[in-house]
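Asks: Numbering (full-length UniProt numbering), first residue to last: 1 to 201. Below you'll find the structure I mean.
Put into structure tokens, the structure is as follows:
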């Protein structure tokens, strides 16, 4: 049984990060990576203009809770050390969880990180926190992640999280002007629970 609504207490704190709903003041931070062709190379949206990013941010400010199937929880990622800053701290990326199916208790994980914040494990840390919510709080049975098969960094991230590679779909999407392959990774609630059982001794 999926537990609705998804309305966590914010900010969600990890060792180094704070996850929270987006705010209108995040525009310049989002533009930094939404407009970067390298960041969005394997992400469904195109490199965005300031106006396009503003429109995307407007929708994100209303995605801090989920009340129905098909909706996305979309959270800004910022460094925990920045929480006390008067301006709120820089957003370095975003992490997403879709309520994909109520009947199947299934969600879908996504994430994006600014290029100058890559290589620090921030996306992994944010995604791990969202998986914890998905299984322990929201009551999901299964979480999947779909990615362009060329995106080796993202595949490595999902494997660090303990997700299993389940499928490779060959040339199943015409993506940004070319036919591309899709990888599917997944995790079940019992797999997540077993991964969190401390070792004996």
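Yeah, the Cβ is synthetic: ideal placement off N, Cα and C, and Gly gets one too.
1. Is it buried or exposed for residue 41, if we count other Cβ within 10 angstroms and need 16 for buried?
2. Can you round the beta-carbon distance between residue 188 and residue 128 to whole angstroms, since I take them to be within the 8 Å contact cut?
3. Could you give the uninterrupted runs of the beta strand (DSSP E) lying entirely in the segment 66-146, keeping only those of 3 residues or more?
4. Is the separation between the beta-carbon of residue 146 and that of residue 182 shorter than 8 Å?
5. Of the choices 43, 38, 10, whose alpha-carbon is the least far from that of residue 173?
6. Roughly how many angstroms separate the alpha carbons of residue 39 and residue 158, rounded to a whole number?
7. Where do the ends of the beta strand (DSSP E) carrying residue 17 lie?
8. With a 10 Å radius around its C-beta and 16 neighbouring C-beta atoms as the bar for buried, classify residue 169 as buried or exposed.
9. For the segment 24-33 against the segment 47-56, do three or more pairs of beta-carbon atoms, one drawn from each stretch, fall closer than 8 Å, so that the two count as touching?
10. Relative to the C-alpha of residue 178, which candidate in 156, 148, 191, 3 has its C-alpha closest?
11. Helix, strand or coil for residue 185 per DSSP?
12. Have a look at the DSSP bridge pairing and note the partners of residue 167.
13. To the nearest angstrom, how far is it from the Cα of residue 108 to the Cα of residue 77?
14. Would you kindly report the start and end of the unbroken alpha helix (DSSP H) that includes residue 52?
15. Does the Cβ-Cβ distance between residue 122 and residue 31 come in under 8 Å?
16. So the alpha helix (DSSP H) residue 28 belongs to, where does it begin and stop?
17. Is residue 159 helix, strand or coil when you go by DSSP?
18. Can you look up residue 173 in the DSSP assignment and give me helix, strand or coil?
Replies: From the atom records:
1. Counted from its first residue, the chain shown places residue 41 at position 41. That one is exposed.
2. Translated into positions along the chain shown, residue 188 becomes position 188. Translated into positions along the chain shown, residue 128 becomes position 128. With a Cβ gap of about 16 Å, residue 188 and residue 128 do not count as contacting.
3. 72-79, 91-101, 106-113
4. Reading the chain shown from its first residue, position 146 is the one you call residue 146. Reading the chain shown from its first residue, position 182 is the one you call residue 182. It is a contact, given that the beta carbons lie within the stated cut-off.
5. Position 173 of the chain shown, counting from 1, holds the residue named residue 173. Of 43, 38, 10, the residue nearest in Cα terms is 43.
6. If you number the chain shown from 1, residue 39 lands on position 39. If you number the chain shown from 1, residue 158 lands on position 158. Their backbone Cα atoms lie some 17 Å apart in a straight line.
7. Taking the first residue of the chain shown as 1, we reach residue 17 at position 17. Run containing residue 17: 17-21, per the beta strand (DSSP E) assignment.
8. In the chain shown, the residue the question calls residue 169 occupies position 169. With fewer than 16 Cβ atoms within 10 Å of its Cβ, residue 169 is classed as exposed.
9. yes
10. Taking the first residue of the chain shown as position 1, residue 178 is located at position 178. Considering only alpha carbons, the answer is 148.
11. Within the chain shown, the letter at position 185 stands for residue 185. In the structure shown, residue 185 sits in a strand (DSSP, three-state: E or B).
12. Against the chain shown, residue 167 aligns to sequence position 167. Partner(s): 184.
13. To locate residue 108, count along the chain shown from 1; it is residue 108. To locate residue 77, count along the chain shown from 1; it is residue 77. Looking at the two C-alpha atoms, the distance is approximately 18 Å.
14. Numbered from its first residue, the chain shown carries residue 52 at position 52. First-last of the alpha helix (DSSP H) with residue 52: 50-60.
15. Here residue 122 is taken as the residue at index 122 of the chain shown, counted from 1. Here residue 31 is taken as the residue at index 31 of the chain shown, counted from 1. Against a cut-off of 8 Å, the Cβ pair of residue 31 and residue 122 comes out as no contact.
16. Residue numbering aside, residue 28 sits at position 28 when the chain shown is read from its first letter. Unbroken alpha helix (DSSP H) run through residue 28: 27-34.
17. As a first step, residue 159 is located in the chain shown; it is residue number 159 there, counting from the start. DSSP places residue 159 in helix when its eight states are reduced to three.
18. Translated into positions along the chain shown, residue 173 becomes position 173. Note: residue 173 maps to strand in three-state DSSP.
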